[in-house]
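Okay, structure first, notes after.
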Amino acid sequence: MSVQNQVQAVQQQIEDNLRKVSNMEASLALEKQAENKQEVKHLRGRLEQLDTERVCLREVKNLLLQALQGGGDCSLYYHLPHS
């Protein structure tokens, strides 16, 4: 997979992550209103996981962009996980 294709794939994963966060935040708001403490705790934990995932994806994207600028190929260093 070319570096440019990897950048596009990572960008798609970031966008998917942001959609999941948006949906999860809406669910969290509903669960807070319903005072469902157990589900609120679960959703907050899941939001933290998604945030960490997004930070990692952005870092990978930055590394790929640096490789693209330098004409390098990161295919040996990073393989996209399947979500």
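All the letters of the sequence shown, read from the start, carry residue numbers 12 to 94 under our numbering. No residue lacks a Cβ here, since even glycine has one placed at the ideal position from N, Cα and C.
The DSSP-derived three-state label of Asn47 is coil. In the three-state reduction of the DSSP assignment, Ser33 falls in the helix class. Inclusion of Arg65 and Ile25 in the CB contact set at 8 Å is warranted, their separation being smaller than that value.
Check the Cα spacing between His53 and each of Asn28, Asp27, Met35: the tightest is with Met35.
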